[in-house]
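Quick note: the sequence shown uses full-length UniProt numbering, first residue 1, plus one each step.
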Amino acid sequence: MRHWADASPEPVRIGSRRHLQMFCEMLLQTHNPYKPAVIAWPALSPDALQHVKSLPIWDIAVQTEGRASIRVQTFADTVQEPLLRRALEMDGAEEARHKVVLSKLVQAYGIPLAPEPAYPPPADPEWGWLVTGYSECIDSFFAFGLFAAAKRSGFFPAELVETFEPVIQEEGRHILFFVNWAAWYRRQLPWWRRPWFALKVMRVWAFLIWERIGIARGIDSDGAAQDANFTMNGSASVGEALSPRALIELCLAENARRMAGYDARLLRPETVPRLARLASRLLA
Ligand SMILES: [Fe+2]
Ligand SMILES: [Fe+2]
């Protein structure tokens, strides 16, 4: 699941048919077939249980996975190319499985959840896919670092870290797949459609920034109160009060580590690490 390379050693042109085959095969061949229903959730000490229950992330996490799976699946349904479609269907199924894992976890530890909203399919399937892809690029980057901080501080007991590890690595595969899809897609568009696509990507980023400002203020896009300020205070919430700079450094290191095992000819997510490096320099 963590290591994958294409057998043929030739260089691959980004946007080519070979590139498409490569990022699809990467996703398909690194699939981990675990079954959420048989995960043995480790018994937690009263302290550890309190830690897990006190994290303000469970509602937003369950709902994010619910929205991601319908968005990815809806986009997959529009894709004709059989290999790409298979990879997208697997991606969507993994998101649905994340939601099941999370619901098993909250069940096992008696964490109450807010009632879930409906997850309607997006009116524009491509918009839904872009929103999910780029939001995973942001959220996974911070999740990598926060997860490592929680592991290091012992905030999560080692068994729980191990149990949850595949979900985090799966998000790493998803963003790797997504950025390669985006680069491939852009290049195979006729030139006159590229500016339109670039504009759409900019609108997606604007939407995601707006959405995250909403989350940070404790209000989600439907106006309901939500889990506030998690990433901002995140490392304190997982038992290790890192400085913002140290947290960013940890995220960068974890991001590099999680991406390291995949074929070097595939593109890596760059935008968020680049912004993070810039922020870290400004914080120096
Ligand atoms: Fe997910
Ligand atoms: Fe994902």
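C-beta: ideal position from N, C-alpha, C; glycine also. From a predicted model like this one, the values you see are computed outputs, not experimental measurements.
Identity of the residues DSSP links to Y262 by a beta bridge: Position 262 of the sequence shown, counted from the start, is the residue given in the question as residue 262. Answer is W4, bridged to Y262.
Considering only residues of the segment 45-110, which uninterrupted alpha helix (DSSP H) runs meet the minimum length of 4 residues and lie entirely inside it, listed in chain order? Counting only runs of at least 4 residues, the segment 45-110 fully encloses the following alpha helix (DSSP H) elements, listed from N- to C-terminal order: 46-54, 58-76, 82-109.
Give me, in chain order, the residues of the same chain whose beta-carbon lies closer than 7 Å to that of Q169; leave out the 5 immediate sequence neighbours on both sides. Counting from 1 along the sequence shown, the entry for residue 169 is found at position 169. Excluding positions up to five away in sequence, the list reads M1, R2, R258.
Closer than 6 Å by C-beta to T271: which residues in its own chain qualify, once you throw out the five before and the five after it? Chain order, please. On the sequence shown, residue 271 is found 271 positions in, with the first residue counted as 1. Short of 6 Å from the beta carbon of T271, and not among the five residues preceding or following it, lies no beta carbon of its own chain.
Quick one: what's got a C-beta closer than 8 Å to D280's C-beta in the same chain, skipping five residues either side? In the sequence shown, counting from the first residue as 1, residue 280 sits at position 280. Checking the sequence, you will find Ser at residue 280 rather than Asp. The residues are R245, I248, E249, L252.
With three or more beta-carbon pairs closer than 8 Å as the criterion, would you say the segment 70-80 touches the segment 44-57? Taking 8 Å as the limit for Cβ pairs, the verdict is that the segment 44-57 does not touch the segment 70-80.
Taking the alpha helix (DSSP H) that W129 belongs to, which residues open and close that run? As a working mapping, residue 129 is identified with position 129 in the sequence shown. Its alpha helix (DSSP H) spans residues 125-153.
Can you name the start and end residues of the alpha helix (DSSP H) that T30 belongs to? Locating residue 30 in the sequence shown gives position 30, where the first residue counts as 1. Premise fails: T30 is in no alpha helix (DSSP H) and is neither H nor E.
Determine the DSSP secondary structure at F156, reduced to helix, strand or coil. Here residue 156 refers to the residue found at position 156 of the sequence shown. Under the three-state reduction of DSSP output, F156 falls in the coil class, being neither helix nor strand.
Residue list, Cβ distance to ligand 2 heavy atoms smaller than 6 Å: Around ligand 2, the residues selected by a Cβ distance under 6 Å to any of its heavy atoms are A68, E95, E136, E171, H174, following chain order.
Can you have a look at D222 and say buried or exposed, based on whether 16 or more other CB atoms are within 10 angstroms of its CB? Taking the sequence shown and counting its residues from 1, one reaches residue 222 at position 222. The predicted model places D222 with a pLDDT of 49, which falls under 50 and marks its position as unreliable; any figure quoted below should be read in that light. So D222 counts as exposed.
Determine, using beta carbons only, whether W41 and A108 come nearer to each other than 8 Å. Locating residue 41 in the sequence shown gives position 41, where the first residue counts as 1. Locating residue 108 in the sequence shown gives position 108, where the first residue counts as 1. The criterion of a C-beta distance shorter than 8 Å is satisfied by W41 and A108.
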